[in-house]
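Structure first, then comments.
6 protein chains.
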Amino acid sequence: MGLTHTDDAGKAKMVDVSVKDVTTREATAVGTVEMKRETLDLVLSNEVKKGDVLGVARLAGIMAAKRTADIIPLCHPLGITGVDVDFETIEEPPSIEITATARIASQTGVEMEALTAVSVAALTIYDICKAADKAMVLTGIRLLKKSGGRSGTYVAEELLEK
Amino acid sequence: MGLTHTDDAGKAKMVDVSVKDVTTREATAVGTVEMKRETLDLVLSNEVKKGDVLGVARLAGIMAAKRTADIIPLCHPLGITGVDVDFETIEEPPSIEITATARIASQTGVEMEALTAVSVAALTIYDICKAADKAMVLTGIRLLKKSGGRSGTYVAEELLEK
Amino acid sequence: MGLTHTDDAGKAKMVDVSVKDVTTREATAVGTVEMKRETLDLVLSNEVKKGDVLGVARLAGIMAAKRTADIIPLCHPLGITGVDVDFETIEEPPSIEITATARIASQTGVEMEALTAVSVAALTIYDICKAADKAMVLTGIRLLKKSGGRSGTYVAEELLEK
Amino acid sequence: MGLTHTDDAGKAKMVDVSVKDVTTREATAVGTVEMKRETLDLVLSNEVKKGDVLGVARLAGIMAAKRTADIIPLCHPLGITGVDVDFETIEEPPSIEITATARIASQTGVEMEALTAVSVAALTIYDICKAADKAMVLTGIRLLKKSGGRSGTYVAEELLEK
Amino acid sequence: MGLTHTDDAGKAKMVDVSVKDVTTREATAVGTVEMKRETLDLVLSNEVKKGDVLGVARLAGIMAAKRTADIIPLCHPLGITGVDVDFETIEEPPSIEITATARIASQTGVEMEALTAVSVAALTIYDICKAADKAMVLTGIRLLKKSGGRSGTYVAEELLEK
Amino acid sequence: MGLTHTDDAGKAKMVDVSVKDVTTREATAVGTVEMKRETLDLVLSNEVKKGDVLGVARLAGIMAAKRTADIIPLCHPLGITGVDVDFETIEEPPSIEITATARIASQTGVEMEALTAVSVAALTIYDICKAADKAMVLTGIRLLKKSGGRSGTYVAEELLEK
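Residue numbers (the working numbering), protein chains in the order written: chain A, 1 to 162; chain B, 1001 to 1162; chain C, 2001 to 2162; chain D, 3001 to 3162; chain E, 4001 to 4162; chain F, 5001 to 5162.
Here it is, written out as structure tokens:
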């Protein structure tokens, strides 16, 4: 299948979805922020106290999901009905894994909303920790699964292999 | 060094920079979108015609850099004076590498502006190509170097090793 | 009833409303800006001429209602179908009372839209008059009534008592 | 002193500040959210666990301070250099007091940034708790003090009387 | 027919559309940027290479259409389902004609979205070319046709005369 | 002089202004909304009562000037220090002329801010009056003069000829 966002002459366009069905759609994305062990310890000890680093990152991800169409030029403006952002600590390599799930009843999917939530939560972790560690890497940001819509359900190979 | 964005009690705060010097600052970030070879071919053949996929991604990165403080909760609002976003095709694994450089004369650095430009350009490539390839991965988003400001110059180890 | 915006572990989340019914909803909020008598006279004499202070405040309230989900982190993005902002002069203590009503056909209510419209209209009155009176107070900002949705109609006690 | 935001004919205008000196300015505002005792208990018990209600409200206030010129029509766009938002529990009447301080080196003051931070933090508390208590009231939102700029230092009477 | 955006007393209001039918609506607007012949040549020779001037203008128009309710105070927030922006070179007088078509299934029309797309695309052409030509004129920005909604189809006289 | 917003390869970039001097800059733009005589009468009779059509359009223009860098992709974010928007009635052809002047002390000019203010004020007049007259035309939007900056003062030929 070709690129739907560019027409035959290669010009950018916003795909017309007015004839698509309104169905319930859901998408889940993940990504990881790799950091020095000491940085992870700083985040976690702060977490124990008040949870602020991840609390701020969660909120940043939620707010970014709501504004996806403002950030990604050819995304349709959507009224998402829900979004969750969660974090898991990984010991080796020391890192924080971010998972975001977005939901909507609409004519287009919410893959970009989930991916944007993960990316902005990751950027926010970088921002808050960068005085301690500038070598952090945002990595493995990808779609895990999505359901609903004419193109049906997508499940990443890594899940199928499990 | 501890986390500057959280105070002693772990509460989020916006770091006060009013006593910092105004100096010229610059930051460069990179990141990669890995994709199927056929997807890369689609992007490149479109590029040959009108350059739209990467043209839209470039513009998305530039506009996101300008709005970084709107997207990242504890970033200071900055009037960046310049930003470049560039792309390079990598053959193996098939991928597009994104490089963004932001510049400013200000009291705070522009690392987040450069990282946000790379991330949003990468998300935009995903958005435009997702009908053809949902398995793309945004990876290796990191700071390459930054100069200016009291904390001085930072150069990523990968550059030092070269 | 507990707090719907935080899950069992106290983490922020955006409440999933995808299974809620789409019904017509309406909410009315009020609030007051108390000021020196001379300040009220300034506002009113300006009103007589061109109506600008309250005209600007009305527009600020309407525009803020449209952007509520951008301002309040866990609010759902809504396409409100109408909003009114009105003002009444109160003689003692000298003050301006602001009333805002928002309407929508949606899965979630518009209480926050009405309250945001009142608050921003009040802040705008403060902004325009602050050179003359820095001691103004924004006070009594509250929900008067709301209808529609599963939780049904709410009417503030002050109205029931009348 | 008259209204600076309206010209002789009463038309709205954005006050020209290009000839004003750039000085360091700071402003502190306060406000209160009154609620049922059970609601306050809910907020506080959640606070003990993870701090989310006030954590989200703090972040909402900080982000709103950065976007004040986008929300209040005649405010100048400012690059604030710092903002703090803090909360204090009041037992009688049961309520949460919000204090916000904004700082900048600029040609105009940051009173509106501090007042906007307080108002949006208060609205956010309302939003998160509204399923439990729709009768909450946002009240006593006012400027406590400001310093810097040609008009000099302002201190609210309530502070002078102490 | 009178002005629907002002009530009997002339106050601004956002028209209530909650009882209007949801129908498919479409609107097309046009406009022209007149410029020196050398400026048009610069745009076109750049176009031949990479298409950037018009590519940036197209994207600016698409993004502005999505944000119309944020820019035009009394417009309803809409989730447009599609928008196209196209350009045509006119030789005499040397100029670029911009055509934008917006589509939606909603309770209100998308005339303002189409007109805003044309205007912002035109402003963007001015911005990119202004170092070479400050005398460019944005002109003839108008609605060409619209369909859908209770007020039915509108076709500009210039089309009827053809 | 060539196009400064595209580099040698025709790619979009944001011009680096970090080495430009900070000088006081001012720009004035004008534009016209042509309409049926009855429409102009409606606007003016409303003006006599409360001034709302033009009051809303003025505020829309002021707010758009502040957000120019958000609307025009390659514009630098600026903290404008002042902006005025004024209207004049023209009898033949029946129309409203809009004049906007923007001011700043900065490294880049404010031509785009003045032009954006005029365009958005014109779009707002169209929006408010469109139920009565869909054939209105936004026309003659152009820069009248600008001062400050390395490129010096520009005055449109129409002014020089007077």
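A virtual CB, placed ideally from N, CA and C, is assigned to each residue, including glycine.
It should be emphasised that the depicted structure is a prediction, and the values quoted were computed from it without experimental measurement.
From the beta-carbon of Met-3014 of chain D, the residues of chain F found nearer than 7 Å are Ile-5062, Gly-5082 and Val-5083. Taking a C-beta distance under 8 Å as the contact criterion, Ala-4117 of chain E and Ala-4100 of chain E qualify as a contact pair.
Sequence-distant partners of Ser-4119 of chain E (beyond 5 residues in either direction) whose C-beta falls short of 8 Å from its own C-beta, in its chain, are Gly-4031, Ala-4064, Leu-4138 and Ile-4141. Counting only runs of at least 4 residues, the region 5011 to 5052 of chain F fully encloses the following alpha helix (DSSP H) elements, listed from N- to C-terminal order: 5037 to 5049. Looking at the DSSP output, Thr-4101 of chain E sits in a beta bridge with E:Thr-4028 and E:Asp-4084.
Following the DSSP letters along the chain, one finds Val-118 of chain A inside the alpha helix (DSSP H) bounded by residues 111 to 129. Within chain D, no C-beta atom comes nearer than 9 Å to that of Leu-138 of chain A; the closest sits roughly 21 Å away. With respect to chain C, the C-beta atom of Lys-66 of chain A has a partner C-beta closer than 8 Å. Of the candidates A:Val-85, A:Lys-146 and A:Ala-132, A:Val-85 places its Cα closest to the Cα of Val-2015 of chain C. Distance from the CA atom of Ala-2060 of chain C to the CA atom of Arg-2103 of chain C, rounded to whole angstroms, is 17 Å.
Its chain contains Pro-3094, Cys-3129, Ala-3132, Asp-3133 and Met-3136 as the residues whose beta carbon lies nearer than 8 Å to that of Thr-3039 of chain D, once the 5 sequence neighbours on both sides are disregarded; these appear in chain order. At least 8 Å separates the beta-carbon of Thr-3089 of chain D from that of Ile-3098 of chain D. Across the region 2099 to 2132 of chain C, CB contacts with chain D closer than 7 Å involve Glu-2111, Met-2112, Leu-2115, Thr-2116, Ser-2119, Val-2120, Leu-2123, Thr-2124, Tyr-2126, Asp-2127, Ile-2128, Cys-2129, Lys-2130, Ala-2131 and Ala-2132, in sequence order along the chain.
The contact set of Leu-5074 of chain F on chain E, defined by CB atoms closer than 8 Å, consists of Val-4056, Thr-4124, Asp-4127 and Ile-4128 in chain order. In this structure Gly-5152 of chain F does not touch Arg-5025 of chain F by the C-beta definition: roughly 11 Å separates them, more than the 8 Å allowed.
Within the same chain, and ignoring the five residues on either side of Ala-2069 of chain C in sequence, the residues whose Cβ sits closer than 7 Å to its Cβ are Cys-2075, His-2076, Pro-2077 and Leu-2078. Ile-3062 of chain D and Glu-1158 of chain B have their C-alpha atoms spaced approximately 36 Å apart.
For Thr-3068 of chain D, the enclosing alpha helix (DSSP H) covers residues 3068 to 3071. Looking at the DSSP output, Arg-2142 of chain C shares a beta bridge with C:Val-2030. For Gly-148 of chain A, no chain C residue has a C-beta closer than 8 Å to its own C-beta; the minimum C-beta separation is roughly 10 Å. A direct Cα-to-Cα measurement between Gly-2055 of chain C and Gly-5055 of chain F gives close to 7 Å.
Cβ neighbours of Met-1112 of chain B within its own chain (closer than 7 Å, five residues either side excluded): Thr-1068, Ile-1072 and Cys-1075.
In this structure Val-3053 of chain D touches Ile-3125 of chain D by the C-beta definition: roughly 7 Å separates them, less than 8 Å. Within chain F, the residues placing a beta-carbon under 8 Å from that of Leu-3078 of chain D are Gly-5079, ordered along the chain. Taking Arg-1058 of chain B as the centre and dropping the five residues before and after it, the same chain places the C-beta of Val-1085 closer than 6 Å to its C-beta, in chain order.
In the DSSP secondary-structure assignment, Ser-151 of chain A is not bridged to any residue. Residues of the same chain with a CB within less than 8 Å of the CB of Arg-4150 of chain E, apart from the 5 flanking positions on each side, are Lys-4020 and Asp-4021 in chain order. Counting only Cβ-Cβ distances below 8 Å, Ser-18 of chain A has contacts in chain E at Thr-4024, Thr-4081, Gly-4082, Arg-4103, Ile-4104 and Ala-4105, in chain order. Residues of chain E with a Cβ closer than 9 Å to the Cβ of Leu-2044 of chain C do not exist; the shortest Cβ-Cβ separation is about 16 Å. As computed with DSSP, Ile-1096 of chain B is found in a beta bridge with B:Val-1033 and B:Thr-1089. In summary, Asp-127 of chain A is buried, with 16 or more beta-carbon neighbours lying within 10 Å of its beta-carbon over all protein chains present. With fewer than 16 other beta carbons inside 10 angstroms of its own, Leu-1160 of chain B counts as exposed. Short of 8 Å from the beta carbon of Leu-1123 of chain B, and not among the five residues preceding or following it, lie these beta carbons of its own chain, in chain order: Ala-1060 and Leu-1138. Taking 8 Å as the threshold, the shortest C-beta distance from Lys-3036 of chain D to chain C does not fall below it.
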